[in-house]
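Protein chains in written order, with our numbering: chain A, 79 to 373; chain B, -10 to 218; chain C, 4 to 128.
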């Protein structure tokens, strides 16, 4: 496995807060990796340090095998798009032009089709774009750059559901045709769950989970029904959460339930709801345990 | 296109900031001066307008704003701090050269037309912009570059240390100048300083300003090295 | 998301398994005949809006099971005997997946074996 990004023992502290705490992670080349976690968990700081925008406190960071700090060779092969990206006093077409100069793999036709798809007016000042359109512009640049390492930090601020789906579709289609290493940080986990090959989950500056998405997806379920039947079913399993009302109870387990399990649950008249990736991560991170709120 | 040239072109995509505003406002100032002097010719013939300083101010200001406006997107596109800074200096060289040429050319025209027909000396400043065209260009170039680099450093200090840092930066300069003045006064050297100054010609002054410009550029780079957005 | 896709790919099984099961299902019920070309992993990924690597994992499962074979440069094809193999596997699971739940439910409702058998004979299908 070739690592595009190799981070060991990365720690970064600000005056009164530890943004990253002894983070060690390998990002494999030509994968779509999701950086997941709550706001302030450290995802953005991680991406900023990897792209040399922010300085590491301690630890080593290697991108394409080298230290990215002030490294033109490495930086030329990356593009980093963040939510609320600040632009100079440009029009849309200026930003596109500038981006085309600095990325060797830039595809002008692809950029053009994305601008059309997102209905971005090429001659409008970026200052006068809505938040969603600014995100669309950032996404256009991030995708059309075809950079070997593409980092997208919550790039969909202000985009409605239709535009987001457009983004996911374009991302997936272009990735399939031009594989590269993509790091996508998001808190809208369920929307992108199927796009991910790997997930890295941050919580309070630490990496809680670093696994193949396939291993994490499809794990866990909530079993509901009469108390005795449910408890019988979940005996010996890893219980994440319990909720009861009267003689009924809902128990969430993190185990993977196979066909036999599901048949048994059906026979016992127990309701079985698979956990979404988002719910699973909420439980793993010790966040608010109310499933209904996250459904 | 080498990377540094790309950075320069990147800055210039915002034509307003570096071309339209400085050029436009200076032009406006010139026209105002011309109109005023045409309408109210001063009694003693030649008049010198200090309006040219407008151009210098209007390069200083965009320079301070450069970092705030252009660096975030520059980072997103994968520019290192070194490349960004050197590319910005290249921009400065280009702008200073161009504006200095324009000043020189306009000064020649001014001379030829006898002060635009009203003995107005906008582009000619006694002793500083008074001599050979090459000297006008050189001194203009250095002064413009100085203004730009100084503004750039201001912008960087603000970016890195915010308003507090900026105030300390200004205070430090004041302290240094006052300190130097106090030393000179204490050692009773003002007479010597005066003597020395009178032996300087405009080329020497230009050289001193050029040296100051280099110092400011190095200082700016040192500040740049740990800047984040 | 398209509602049709939600029902298809929202079970509690891993995504790559679902892909494999879908293709296997098509083979088992004859939609995909032996020797037919199966959609490529990229085509499957695009259709289901999932990562190509996940689709590839599902397809590879079927290749490992001998249900599909890869012909270099051309694509993936259903192997001969694949349908029979799949049906046999499903027959083995039939009792566990369908009969056991039925028996448990019958017992719960107090339906004795005799009634059950005549119900099966008479049927409702």
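Ideal Cβ placement from N, Cα and C applies to all residues, glycine included.
Inter-residue Cα distance where the pair is residue i and residue j
i, j, result
"residue 427 of chain A", "residue 197 of chain A", "The requested residue 427 of chain A does not occur in the structure, where chain A is confined to residues 79 to 373."
"residue 245 of chain A", "residue 213 of chain A", "10 Å"
"residue -4 of chain B", "residue 73 of chain B", "7 Å"
"residue 87 of chain A", "residue 56 of chain C", "29 Å"
"residue 147 of chain A", "residue 137 of chain A", "13 Å"
"residue 181 of chain B", "residue 53 of chain B", "37 Å"
"residue 178 of chain A", "residue 111 of chain A", "25 Å"
"residue 204 of chain B", "residue 145 of chain B", "15 Å"
"residue 107 of chain C", "residue 161 of chain A", "55 Å"
"residue 41 of chain C", "residue 81 of chain C", "7 Å"
"residue 236 of chain A", "residue 152 of chain B", "31 Å"
"residue 258 of chain A", "residue 97 of chain A", "28 Å"
"residue 19 of chain C", "residue 117 of chain A", "30 Å"
"residue 114 of chain C", "residue 341 of chain A", "20 Å"
"residue 288 of chain A", "residue 357 of chain A", "17 Å"
"residue 167 of chain B", "residue 64 of chain B", "39 Å"
Residue from the options with nearest C-alpha to residue i
i, options, result
"residue 271 of chain A", "A:150, A:186, A:355 and A:160", "A:355"
"residue 330 of chain A", "A:347, A:297 and A:338", "A:297"
"residue 333 of chain A", "A:311, A:129 and A:323", "A:311"
"residue 133 of chain A", "B:70, B:151 and B:126", "B:70"
"residue 238 of chain A", "A:147, A:110 and A:209", "A:209"
"residue 105 of chain A", "A:344, A:283, A:275 and A:350", "A:275"
"residue 323 of chain A", "A:338, A:305 and A:339", "A:305"
"residue 76 of chain B", "B:-7, B:176 and B:162", "B:-7"
"residue 84 of chain B", "B:188, B:189 and B:0", "B:0"
"residue 122 of chain A", "A:158, A:100 and A:150", "A:158"
"residue 268 of chain A", "A:81, A:295, A:108 and A:169", "A:295"
"residue 16 of chain C", "A:362, A:336, A:277 and A:360", "A:336"
"residue 66 of chain C", "C:101, C:26 and C:45", "C:26"
"residue 103 of chain B", "B:166, B:168 and B:23", "B:23"
"residue 170 of chain A", "A:85, A:219 and A:93", "A:219"
"residue 200 of chain B", "B:101, B:131 and B:63", "B:131"
"residue 390 of chain A", "C:125, C:95 and C:121", "Residue coverage of chain A in this structure runs from 79 to 373, which leaves residue 390 of chain A outside it and unanswerable."
Residue i, buried or exposed, once every other Cβ within 10 Å from all chains shown has been counted against 16
i, result
"residue 186 of chain B", "exposed"
"residue 67 of chain B", "buried"
"residue 252 of chain A", "buried"
"residue 125 of chain A", "buried"
"residue 160 of chain B", "exposed"
"residue 99 of chain B", "buried"
"residue 127 of chain A", "buried"
"residue 193 of chain B", "exposed"
"residue 352 of chain A", "buried"
"residue 61 of chain C", "buried"
"residue 51 of chain B", "buried"
"residue 292 of chain A", "buried"
"residue 54 of chain C", "buried"
"residue 366 of chain A", "Residue placement at residue 366 of chain A is poorly supported in this model, since its pLDDT is 44, which falls under 50; the coordinates are not used for a value here."
"residue 21 of chain C", "buried"
Under 8 Å (Cβ pairs) to chain A, residues found in the segment 55 to 73 of chain B: Against chain A - using a Cβ distance shorter than 8 Å - the residues of the segment 55 to 73 of chain B are 58, 59, 61, 62, 64, 65, 66, 67, 68, 69, 70, 71 and 72.
Along the segment 3 to 25 of chain B, what residues have a CB closer than 9 Å to any CB found in chain A? Listed by position along the chain: 3, 5 and 6.
Contact between the segment 307 to 327 of chain A and the segment 33 to 52 of chain C is defined here as three or more beta-carbon pairs at a separation below 8 Å; is this criterion met? No, they do not touch.
Please list, in chain order, the residues of the segment 94 to 115 of chain C that have any C-beta partner in chain A closer than 9 Å. The segment 94 to 115 of chain C vs chain A, Cβ under 9 Å: 96, 99, 100, 101, 103, 104, 105, 106, 107, 108 and 111.
I'd like to know if the segment 140 to 156 of chain A and the segment 225 to 237 of chain A are in contact, where contact means that at least 3 CB-CB pairs between them fall below 8 Å. These segments touch.
For the segment 185 to 205 of chain A against the segment 13 to 25 of chain B, are there 3 or more C-beta pairs whose distance is under 8 Å? Too few Cβ pairs lie closer than 8 Å, so no.
Would you say the segment 81 to 97 of chain B touches the segment 183 to 190 of chain A, given that touching needs at least three Cβ pairs under 8 Å? The answer is no - the segment 183 to 190 of chain A does not touch the segment 81 to 97 of chain B, with fewer than three Cβ pairs under 8 Å.
Name the residues in the segment 185 to 209 of chain A whose C-beta lies less than 7 Å from a C-beta of chain C; which are they? Listed in sequence order: no entries.
Is the segment 281 to 291 of chain A touching the segment 75 to 84 of chain C, taking contact as three or more C-beta pairs under 8 Å? Segment contact: the segment 281 to 291 of chain A against the segment 75 to 84 of chain C, fewer than three CB-CB distances shorter than 8 Å; contact not assigned.
Can you list, in chain order, the residues of the segment 38 to 51 of chain C whose Cβ is nearer than 8 Å to any Cβ on chain A? Residues are counted here when their Cβ sits less than 8 Å from a Cβ of chain A; for the segment 38 to 51 of chain C these are 45, 48, 49 and 51, given in chain order.
Taking three-plus beta-carbon pairs below 8 Å as touching, is the segment 46 to 60 of chain B in contact with the segment 3 to 12 of chain B? Touching, yes.
Going along the chain, which residues of the segment 273 to 294 of chain A sit with their C-beta nearer than 7 Å to a C-beta in chain C? So the list reads 273, 274, 275 and 292, given in the order they occur along the chain.
Positions along the segment 338 to 362 of chain A whose CB lies within less than 8 Å of some CB in chain B: If you check each beta-carbon in the segment 338 to 362 of chain A against every beta-carbon of chain B, none falls closer than 8 Å.
Contact list for the segment 237 to 267 of chain A against chain B, Cβ threshold 8 Å: Taking a C-beta cut-off of 8 Å against chain B, none of the residues of the segment 237 to 267 of chain A qualify.
Between the segment 110 to 128 of chain A and chain C, which residues of the former have CB atoms less than 7 Å from a CB of the latter, in chain order? Of all residues in the segment 110 to 128 of chain A, the ones placed with a Cβ closer than 7 Å to any Cβ belonging to chain C are 110, in chain order.
Residues from the segment 194 to 217 of chain B in contact with chain A, defined by Cβ distance under 9 Å: Legend: CB atoms of the segment 194 to 217 of chain B lying less than 9 Å from CB atoms of chain A belong to residues 214, 215 and 217.
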